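A short worksheet on the structure shown next.
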Ligand SMILES: *Cc1c(COP(=O)(O)O)cnc(C)c1O
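In the working numbering, the protein residues as written are 47 to 440.
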């Protein structure tokens, strides 16, 4: 029996041909393919600007810098996420405050956000709003809070390319935030091997990120700082200026060509994921021991998390499925539980819903290579394991 992963890439012959074409061309790193991919993503999500970067982590880092996150500032984010959602703030020297989740969905709890903002104390410079599992947050409500309390919003949409807000517009359109960051890691909705992209409506933010991704260096005459230009009359086409302390966070043409080819199938991928979730829902709805992540129109379903009654049963079910080559996983260990953040003084018990979620959750396989037969095997094995655990506990 082959291993069924919780998620994986879906590579077609067209994808392979697109990459091979780049390998035969003049540019391997940033050449004509990167701007083409940026345009394709911008037009897909209906944003004015898209800037491709080496990873979503790099994109989150640069978005933080571009929006004024730095030493002495504070960034708030959901603790039920991958560490990168918080690390980007730490790279800039900012303090992180973790927010609790909605116990039904695992997503950031906007009531908790609002209560914390109302309580006074130090306001955030930026909120990293994570669309956990590909489930879009209520962004108009977050945008209203951002306006009232004067903070910037970065959407961590690593899970959510192709997902839609309740008004039907695509995640990343940028009307309710300052920047949106997507990931192209192989488990994510589409892949470039490694890679990420930042979309925004704000030309200043886009320009800043584009500069920072390539050492802070510009060759654009229109951008030159004359104050520090020593001999403009003698400078030629070789001349460039390093204006900011930037990074090497560029995407390659090899990656961009793969991404542009993958993007053509994104809507079909999302539809397949939604169908898989509907099948899970109908197979598992009657089982009182299993709580499924609720249906939401437009959800991208990067993950399909379920909750079990207690942590002992979660462990038993996890081990049983793993022993049958079904590579279920757990999303996430609350970020504030990780030793690095514990050492910074974040304590357990501060986000009870996220801690309870972590104790009982399991992510079932959901990806486009999951066949009906594979999914049936996941369902049968899961139900069997739950039944066994219930008998053992009785
Ligand atoms: C995967 C992921 C990231 C980081 O993506 P990379 O492209 O691997 O850097 C950030 N945030 C979340 C929520 C993720 O799942």
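Yeah, the Cβ is synthetic: ideal placement off N, Cα and C, and Gly gets one too.
Everything numeric in this text was worked out from a predicted model, so none of it was measured.
In the three-state reduction of the DSSP assignment, residue 88 falls in the helix class. Residue 225 places its beta carbon 9 Å or farther from that of residue 217. For residue 102, the Cβ falls inside the 8 Å cut-off from some heavy atom of ligand 1.
In its chain, beyond the 5 residues on either side, 247 have a beta carbon closer than 6 Å to the beta carbon of residue 94.
Using a C-beta cut-off of 8 Å, the region 347–359 makes contact with the region 314–325, since at least three inter-stretch Cβ pairs fall below that distance.
Around the beta carbon of residue 263, fewer than 16 other beta carbons lie within 10 angstroms, which makes this residue exposed.
The closest heavy atom of ligand 1 lies less than 8 Å from the beta carbon of residue 202. Of the residues assessed, residue 437 falls on the exposed side of the cut-off, its CB having fewer than 16 other CB atoms within 10 angstroms. A distance criterion of 8 Å places the beta-carbon of residue 154 beyond contact range of ligand 1, judged by its closest non-hydrogen atom. Residue 397 and residue 155 have their alpha carbons spaced roughly 11 Å apart.
Residue nearest to residue 196 within the set 234, 88, 223, 214 is 223 (criterion: CA-CA distance). Per DSSP, the unbroken alpha helix (DSSP H) holding residue 319 starts and ends at 312–330. Non-local beta-carbon contacts of residue 340 in its own chain, meaning distances under 8 Å to residues more than five positions away in sequence, involve 150, 151 in chain order. Look at residue 364 here: in three-state DSSP terms it is helix. Taking all protein chains in view, the Cβ of residue 164 is surrounded by fewer than 16 other Cβ atoms within 10 Å, so the residue is classified as exposed. Set against 8 Å, the gap from the CB of residue 223 to the closest heavy atom of ligand 1 is not smaller. Residue 198: member of the beta strand (DSSP E) spanning 198–202, first to last residue. Proximity of the beta carbon of residue 241 to ligand 1 is indicated: a heavy atom of the ligand is located closer than 8 Å.
Counting along the chain, residue 351 sits inside the beta strand (DSSP E) bounded by residues 350–353. With a cut-off of 8 Å on Cβ pairs, the region 122–131 is in contact with the region 376–384, counting three or more such pairs.
By a beta-carbon distance limit of 8 Å, residue 106 contacts residue 174. Their separation comes to about 7 Å. For residue 344, same chain residues with a beta-carbon under 8 Å away, outside a window of 5 residues either side, are 182, 209, 210, 211, 212, 214 in chain order. Counting other Cβ atoms within 10 Å of its Cβ, residue 132 reaches 16 or more and is therefore classed as buried.
No Cβ-Cβ contact shorter than 9 Å links residue 369 with residue 58. When secondary structure is reduced to three states using DSSP, residue 356 falls in the coil class, being assigned neither helix nor strand. Not a single heavy atom of ligand 1 lies less than 8 Å from the C-beta of residue 376. Remark: the shortest separation between the CB of residue 219 and any heavy atom of ligand 1 does not fall under 8 Å. With fewer than 16 other Cβ atoms from the protein chains shown falling within 10 Å of its own Cβ, residue 417 counts as exposed.
Set against 8 Å, the gap from the CB of residue 350 to the closest heavy atom of ligand 1 is not smaller. Excluding five sequence positions before and after residue 315, the CB atoms of its chain that fall closer than 8 Å to its own CB belong to 56, 208, 235, 236, 414, given in chain order.
Taking C-beta atoms under 8 Å as the contact rule, residue 376 and residue 408 qualify, at a distance of about 6 Å. Each of 141, 440, 386, 367 was checked against the Cα of residue 50, and the nearest Cα belongs to 367. In the displayed model, residue 432 falls within a helix according to three-state DSSP. Less than 9 Å divides the Cβ of residue 97 from the Cβ of residue 256. With a 10 Å radius around the Cβ and a threshold of 16 neighbouring Cβ atoms, residue 403 comes out buried.
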